[in-house]
Amino acid sequence: MNIVTDTPESSPLDNPLAIIEGAPFIDLPDDLYIPPDALKVFLEQFEGPLDLLLYLIQHQNINILDIPIAEVTRQYLQFIDLMKDFQLDLAAEYLVMAAVLMEIKSRLLLPEHQARAEDDPANDPRAKLVQQLQEYARFKKAAETFAVMPQVGRELFPVSVDTPEIPYEVIIPTIPWSALLLAMKELMARAALFRSHQIMLEPLSVRERMGMILACLEQGRAVAFIHLFTVEEGRAGVVVTLLAILELAKESLITITQAEIFSPIQVEKNTEHLHIKLTALSDY
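Below you can see the structure in the form of structure tokens.
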């Protein structure tokens, strides 16, 4: 719906009642009778008061940052009266916006508010309304952008094809019972060929490892600690070997040396007390 403003630039030809075969009709015929309860078609649809205000502003190319609140209020109230004449139910939001516009208009008429608005735009009573209109315009533009995109069910339709069921028949081979019994007998004979056994690791003894270390040191050369156990023994072998060399060092049978921190640990036979300690070790 177009709301005609009372400006000098507008003319009746700009907004004719109808155009029939290219000719505009401005006035209704004198002999035309319209019943009071006749059907009225309301073409413009607004989603709310902000939508109506934005329409009034954009329709007249008004700068949204400098809204002539008096003129916009007059047109807004004219629209409200028009909807009442059309016997349309007004939502409460439209009436609330009308009250807001009237309040802004009355505040702008006060001299002190005019001075504040000129000095500081933040004190302008229209500032909050302008912010709401700007945000609504951005969301409306985004909605229009999404509206032209292809949508499922409107431009795009998912295709689902049901595959026909193909009947098939399970053919069970005919095998004599004698063949089944023979196959079962062969399977049982094959299963009897498998035997399982469990391998147990021998427990590591500190005393036995002490004897092994002394045997390795018989040649009189120093042996690195990492050569006194095997990788297969795992952590248990490392722990048992460490306890063994500590026990031998306690009994003064070996000497443990390390050149510097984190360098290899060297183990060497202590020849001074070897004969005495070997005799004591054999008594265990």
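So the sequence shown is numbered by my numbering: it starts at 1 and just counts up by one. Each residue gets a CB set at the ideal place from its N, CA and C atoms; glycine is no exception. From a predicted model like this one, the values you see are computed outputs, not experimental measurements.
Exercise for the section: Would you kindly work out how many angstroms separate the C-alpha atoms of S295 and L193, rounded to a whole number? Expected result: In the structure as shown, the chain starts at 1 and stops at 284, and residue 295 therefore has no counterpart that could be examined.
Handout entry: Under the three-state DSSP convention, the category L65 falls into
Key = Coil, per DSSP.
Problem - Chain-order list of residues whose beta-carbon lies under 8 Å from that of L50 (same chain, five-residue window excluded) - result: The residues are M97, Q132, L133 and Y136.
Problem - Burial state of V231 (16 or more Cβ within 10 Å) - result: The residue is exposed, with fewer than 16 neighbouring Cβ atoms inside 10 Å.
Exercise for the section: Following the continuous beta strand (DSSP E) through P24, name the residue where it begins and the one where it ends. Expected result: Looking at the DSSP string, the run of the beta strand (DSSP E) that includes P24 is A23 to F25.
Problem - Integer-rounded CB distance, given that L204 should sit under 8 Å from A236 - result: Distance from A236 to L204 at the Cβ level is roughly 6 Å; contact confirmed, criterion being Cβ atoms closer than 8 Å.
Handout entry: As assigned by DSSP and simplified to three states, the class of L156
Key = In the three-state scheme derived from DSSP, where H, G and I count as helix and E and B as strand, L156 is classed as strand.
Practice task
Could you check if Y76 is buried or exposed, using at least 16 other CB atoms within 10 Å of its CB as the buried criterion?
Solution key: Of the residues assessed, Y76 falls on the buried side of the cut-off, its CB having 16 or more other CB atoms within 10 angstroms.
Problem - Pick from A92, P24, V130 and I20 that is closest to T63, judged by C-alpha positions - result: Reading off the sequence, residue 63 comes out as Asn, not Thr. When only C-alpha atoms are compared, the closest one is V130.
Practice task
Kindly indicate which residue of P29, I104, I57 and H59 has the alpha-carbon position closest to the one of K128.
Solution key: Selected option, being the one with the closest Cα: I104.
Exercise for the section: Report the three-state DSSP secondary structure of T163 (helix, strand or coil). Expected result: T163: coil per DSSP, three-state reduction.
Problem - Whole-angstrom distance between Q198 and L181, CA atom to CA atom - result: Those two C-alpha atoms are separated by around 33 Å.
Problem - Helix, strand or coil at N270 [DSSP, three-state] - result: Here N270 sits in coil by DSSP.
Problem - Start-to-end residues for the alpha helix (DSSP H) that takes in I245 - result: In this chain, the alpha helix (DSSP H) harbouring I245 covers G234 to K250.
Exercise for the section: Could you check how far apart the C-beta atoms of R126 and I80 are, in whole angstroms? I think they sit under 8 Å. Expected result: With a Cβ gap of about 20 Å, R126 and I80 do not count as contacting.
Handout entry: Residues sharing a beta bridge with A143, DSSP
Key = According to DSSP, A143 bridges with nothing at all.
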